[in-house]
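Have a look at the structure below, then the notes.
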Amino acid sequence: MTTKPKLKEKRIGLFVCHCGVNIAGVVDVGKVAEQLKDTPGVSFSTDYVYMCSDPGQQMIIDTIKEKHLDGIIVAACSPTLHEKTFQEAARLAGLNPYQIEIANIREQDSWVHTDKEKATKKAVKIVKSHVAKARQNENLDPIKVDVNRRALIIGGGVSGLQAAMDIADHGYEVILVEKNPSIGGKMIQLSETFPTLDCSQCILTPKMVEVSRHPRIKLLTYHEVDSISGFVGNFKVRIKKRPRYVDETLCNLCGECEKVCPQVVPDEFNMGLSFRKAIYLPFPQAIPGTYTLDAENCLGLNPVRCGKCKDVCDKKAIDYDMKETITEEEVGAVVVATGYDLYTMQALGEYGGEKYDDVVNGLEFERILSASGPTGGEIRRPSDGKVPRSIVFVQCSGSRDSEKHLPYCSKICCMYTAKHAMMYRHRVPDGQATVFYIDVRTGGKSFDEFYMRTVEEDKVLYIRGKVSKIFKEGDKLIVWGVDTLTGKKVEIEADMVVLAMAMVKADGVQDLLKKLKIATDIHGFLAEAHPKLRPVESLNAGFYLAGCAHGPKDIPETVAQASAAAAKVGDLFAQKELVHEPTVVPVNDELCSGCGICLTMCPYTARTLDPARGVVVVNEILCEGCGACAAACPSGAAQQRNQTDDQIFSMLRAMLRD
Amino acid sequence: MFEPQIMCFLCKWCTSSAADMAGTSRIHYAPNNINMRVMCSSRVDPQHILYAFKEGADGVFLGGCHPGDCHYVEGNYKTLRRIALFKIMLKDLGIDPKRLRLEWISAAEGKKYAETMNEFTEQIRALGPLHLNEKALVQEVVKDE
Amino acid sequence: MKVHYYPGCTLKQKTTALDISTREALKRLDVELVEPEGWTCCGAEYPLTEEKIAGLAAPIRTLRQVRDEGGDILVTTCSFCFAVLKRADRALQDDPLKHKRVNAYLRDDIQIDPLTKARTTGFEDYNGEVKVLHLLEFLRDRVGYPRIRERIKRDLEGLAIAPYYGCRVLRPREEMAVDDPESPRLFEEFLEAVGCGAVDYPFKQECCGSYLSVSLPAAATEASYRVLRSARMNGAKAVAVTCPLCFYNMDHRQDAIKEAYLDFPGLPVVYFTQLLAWALGVDRSVLGLGEHRVPADGLFLEIPATEVRT
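Chains as they are written, first to last, in the numbering used here: chain G, 1 to 658; chain R, 659 to 803; chain V, 804 to 1113.
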């Protein structure tokens, strides 16, 4: 224990509340006030029937002023109820709000004990401990910092687009970074969306256009976030621009370059079911509307090897000399909307791995359904282009399997499988659609009605059971399953199988998230600050989450969450300046030896080692005041404001010594 | 009858709220405990625990959030590690490690809090008074009183 | 190199082809196989009973013997023996109670030397010192495919063979830890190394019927039929197995299969070691081809002298 220089003694006021009979019925409140009135540090002691009432509060305000109190203790109910009330009263009296102590003698004393004598003795100890703490409380001011009212959105899918529009419509500038050549994400690849069967591209393209034309949105496609430094309200972002080799301001989409390009590669937009050239437009409604030259598949960006595209470009938009560039932007908030991918079929060896062309995943089937897809919207199977007369849909492919694959439910598969089966039945009226399911989860609005249509009107056969094996025999795919409701094995000869592969974390994003130190859960999805109370914020201040990067969800939820994240960003930007609780853990330079133990204790990376001075420096804005570092510090250099080790020892002495 | 004195360090977000809930639900339990609210169970230093024993506590209780639910992400894991090691030390110091109890009690588990307090009180009662300050070799000199 | 080899009872009696072909093949690879002294039956089925001592004592005893003879590997070709030995070894490593009880039991073991009649007792605890390897693993990891390739004497010209894993080698996944049960590669790589073409077919790890051929023969017949049919449909000239029971179900009972499934013309079944031995130049008279009920001689025809690789 350190011996502190004798400070000027505090003038603390003690106000013991009866709370009617809630406290006074068990605890002798008068006795408590009486016994403690001569305790060192206490200048005034009284009891009153209802402290939280107006007269009660007024009494506190008046007493503070009259008796020149510099600290008060209200012995009453739990601080979760009225701490703010009394802090406000104190503020009105000119007292620093951090000089208020609430002693809980109701929930944690009078309401849980029956022996009046013991309860009173305990109340005295409780209040004594708060006196001990109050004697060493310091005036604290909330920490203030400026806010840069610009937002960065990482990801140009529907969630990123929605968040961007909402924040921009609030009046703030937005930078939207998308790593692909066009915005649109996965939603632009879908055909119809459940439960309304809206054409996905028809409802998304207006949003895409709005974003591209919005005066306050800076759209950066084919760009990637390289790193983010700084803290909430004050981030510095490094953004990498990948060379497109085509000047998007000049390209007029004439398409001549594509015609002459000799390189043919699988088309990612069509999930590899068709081909594109090395110079390509991802899809007709791509924004920005420009061709992109895929350097990896181009013959070498070297006019000696091939220069055909450049030769035919009237607008002279093609430039092989473009280079990667890095720009820096400053923003105050970041919305992470990096989307998802599907679990790889390779992991499901029992379904053939990826061996069979006619076993496809949900997105591939979407492209087959799509009018702009590889089959022009006719349902044909990939291997031979025949119209399948029997399709088996397998739900829960890779999800809800804690032993071998992913334990969670992928949420959207039941609905989109019903939609797929329905679309198939509409287009191939004599086709047989069979769905193998564990459950059918249709929680959203109009979802169950949609599913019932599939069963009752479209006559899709739903079999409750898992599929154990899928293999090819001749022209057909044999599906082995079980009908658990009858207890019988089921064997189906199908022409095609659609696997509802689980939604998983987006490929290639993990490194970025690690760099940004954004917390993810064990599955790689973004971790929210609190699953119920703070679902769109990250634990890292200034980072917000939206869309499937946070976890599997459908479009209505994605849009809602994106707007919620935008609203939270709006909350942040609406502050004149940022205010942060000051009960943080600073560093006493003189005691700090730079051992660095506290650095690893902090979940918020609020502490860093200053190499020049050899001591630890704390970013008080990032510090959330948990105290883990304080407990670990061997020299006592890290002390929590208004709950220092000295205060704790004093409290223990007050509580435990007879 | 020997009435044990039990010092409880409760984390604000979970166990202290559970204690409040026990109160709101009027669930009665033994009056032998006295609580200190900390922001996180990881704020509690083994020094604090030893000091509590020294000042007259016969038992010390630490309450935190369930693993995975810590308001500060991983504070409770730190507490878990610390207490695991500290219990070994307690034995060496001549204090029965059973006098220190770490429990995860969430804000919704008011009943569990009350039951735990009753149980722990009886356990300490059975172990008897600690009287560590009398057993200690060095008398502490108190500076300010 | 010398290595401990556990043939198992069946290889010494019912299906000597597997044992002989193994020995001959490994001779050509300069591997000397040494059977642990006084080895006993492994139990044939990994014990699922609650009473664990009796079931584990026999295999652990064999492993202990290998250790006491200075070996740290035990190679076996029979899948059942492989599964029992490996799982028994793991059981002792994973469960301290089993470790204690089985070792306590075995401490009182008495070994009598067959010649001198000397009695040995008071054995040291077995602590997982011996690694159990299937011959396929041993060939891949300890002998190495390059050495096999350079010793090949007969070009099998990509003979289409369907590798049949059966159930024991790959499952349970975590305990056996040999390969991915759904998409394994071990057997295929072996076949390619000896000059065969591995046929990919969906029934390579589906059950052959196992013991059901005794209690419920119709089920075993159907199970084996499905394997053979699939192998044949995908172009295999024969199915290669690594287990005497699979061999029994698919070769010895092929008459029953043909009776039940009239459309099935038949397909020879061979042991993978027979293919290995043949490729390495072993004479066909020591391949044990006489044990086959479905003639497999057609696969082991001598190639004209001019085409023999030297």
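Backbone N, C-alpha and C define an ideal beta-carbon position, used for all residues, glycine too.
Exercise for review: Return no unless some Cβ of chain R is closer than 9 Å to the Cβ of asparagine 104 of chain G.
Suggested key: Residue-level contact by beta carbon holds for asparagine 104 of chain G and chain R, with a gap shorter than 9 Å.
Practice item. Report the neighbours of aspartate 983 of chain V on chain G: residues whose CB is nearer than 7 Å to its CB, in chain order. Key: Gly349
Exercise for review: Indicate whether at least one CB of chain G lies closer than 9 Å to the CB of methionine 679 of chain R.
Suggested key: yes
Practice item. Within the same chain, show all residues whose beta-carbon is closer than 6 Å to that of lysine 37 of chain G, passing over the 5 residues directly before and after it, in chain order. Key: Ser45
Point to revise | Near-chain V residues of the stretch 473-494 of chain G - C-beta to any C-beta below 9 Å | key: Glu473, Gly474, Ile478
Review point. Does at least one heavy atom of the ligand SAM sit under 8 Å from the Cβ of histidine 130 of chain G?
Key: Questions concerning the ligand SAM fall outside what the structure shown contains, since it holds no ligand whatsoever.
Exercise for review: Locate the beta strand (DSSP E) running through cysteine 17 of chain G, then write down its first and last residues.
Suggested key: DSSP places cysteine 17 of chain G in the uninterrupted beta strand (DSSP E) bounded by 12-17.
Check your understanding: Within the 9 Å Cβ cut-off, does threonine 682 of chain R reach chain G?
Key -> yes
**Study point:** Amino acids of chain V, ordered along the chain, whose beta-carbon sits closer than 7 Å to that of phenylalanine 471 of chain G
**Key:** Pro1005
Review point. Residues of chain V with a CB under 7 Å from the CB of glycine 353 of chain G: which are they?
Key: Ser986
Review point. Residues of chain G with CB under 7 Å from proline 725 of chain R, in chain order?
Key: Near proline 725 of chain R there are no residues of chain G at all, since even the closest Cβ is about 13 Å away, more than 7 Å.
Check your understanding: Are the C-beta atoms of alanine 715 of chain R and some chain G residue less than 9 Å apart?
Key -> yes
Exercise for review: Excluding the 5 residues preceding and the 5 following lysine 817 of chain V in the sequence, name in chain order all residues of the same chain whose CB lies nearer than 7 Å to its CB.
Suggested key: Contacts found: Pro1047.
Check your understanding: Hey, does serine 1033 of chain V have any beta-carbon neighbour from chain G nearer than 9 Å?
Key -> yes
Check your understanding: Among G:Gln99, G:Leu69, G:Tyr245, which one has its Cα closest to the Cα of glutamate 83 of chain G?
Key -> Cα-wise, what sits closest to glutamate 83 of chain G is G:Gln99.
Review point. From G:Val331, G:Pro603, G:Gly185, pick the residue whose C-alpha is nearest to that of arginine 238 of chain G; which is it?
Key: G:Val331
Exercise for review: Rank G:Ile105, G:Ile555, G:Lys553 by C-alpha distance to the C-alpha of glycine 681 of chain R and give the top, closest one.
Suggested key: G:Ile105
Check your understanding: According to the neighbour-count rule (16 or more other Cβ atoms, all chains shown, within 10 Å of its Cβ), is methionine 659 of chain R buried or exposed?
Key -> exposed
Exercise for review: Measuring only between beta-carbons, confirm whether aspartate 28 of chain G sits less than 9 Å from chain R.
Suggested key: no
Practice item. With 9 Å as the threshold, decide whether the Cβ of isoleucine 649 of chain R is near any Cβ in chain G. Key: Here chain R covers residues 659 to 803 and nothing more, so residue 649 of chain R does not appear.
Review point. Exposed or buried, what is arginine 867 of chain V when buried is set at 16 or more other beta-carbons lying within 10 Å of its beta-carbon?
Key: Per the 10 Å Cβ criterion, buried.
Check your understanding: Looking only at C-alpha atoms, which of G:Phe235, G:Leu533, G:Lys505 sits nearest to leucine 516 of chain G?
Key -> G:Phe235
Check your understanding: Taking just the CA atoms, how far does arginine 974 of chain V sit from alanine 980 of chain V?
Key -> 8 Å
Practice item. Count the other C-beta atoms from every protein chain shown that fall within 10 angstroms of the C-beta of histidine 902 of chain V, then say buried if there are 16 or more, exposed otherwise. Key: buried
Check your understanding: If we ignore side chains and look at the alpha-carbon of each, how far apart do arginine 783 of chain R and methionine 697 of chain R end up?
Key -> 29 Å
**Study point:** Closer than 9 Å to chain G by CB, valine 1111 of chain V
**Key:** With a pLDDT of only 46 at valine 1111 of chain V, under 50, the local geometry of the prediction cannot be trusted, and no value is derived from it.
Exercise for review: Just confirm the distance between the C-beta atoms of aspartate 146 of chain G and glutamate 577 of chain G, as a whole number of angstroms; I'd bet it's less than 8 Å.
Suggested key: 6 Å
Point to revise | Coil, strand or helix - tyrosine 343 of chain G by DSSP | key: coil
**Study point:** Within the stretch 669-715 of chain R, ranges of the beta strand (DSSP E) (whole runs, at least 3 residues)
**Key:** 691-696
Check your understanding: methionine 1 of chain G by DSSP, collapsed to three states: which one?
Key -> Because the pLDDT at methionine 1 of chain G is just 45, under 50, the model does not fix this residue reliably, and the value given afterwards should be weighed accordingly. DSSP places methionine 1 of chain G in coil when its eight states are reduced to three.
**Study point:** Under 9 Å by beta carbon: chain R residues contacting glutamate 107 of chain G
**Key:** Ala677, Asp678, Met679, Ala680, Gly681, Thr682
Exercise for review: Out of G:Ser212, G:Cys306, G:Tyr340, state which residue places its alpha-carbon closest to the alpha-carbon of cysteine 548 of chain G.
Suggested key: G:Tyr340
Check your understanding: Are the C-beta atoms of methionine 979 of chain V and some chain G residue less than 9 Å apart?
Key -> no
Check your understanding: With a CB to CB cut of under 8 Å and the five nearest residues on each side skipped, what residues in its chain are close to glycine 627 of chain G?
Key -> Cβ neighbours of glycine 627 of chain G beyond the five flanking positions: Val585, Gln640, Gln643.
Review point. To the nearest angstrom, how far is it from the Cα of leucine 95 of chain G to the Cα of aspartate 115 of chain G?
Key: Taking the straight line joining both Cα atoms gives about 37 Å.
Check your understanding: Within the 9 Å Cβ cut-off, does glutamine 797 of chain R reach chain G?
Key -> Caution is warranted here: a pLDDT of 48 is assigned to glutamine 797 of chain R, below 50, making its placement in the model unreliable, and the coordinate value is therefore given only provisionally. Not one chain G Cβ lies under 9 Å of glutamine 797 of chain R.
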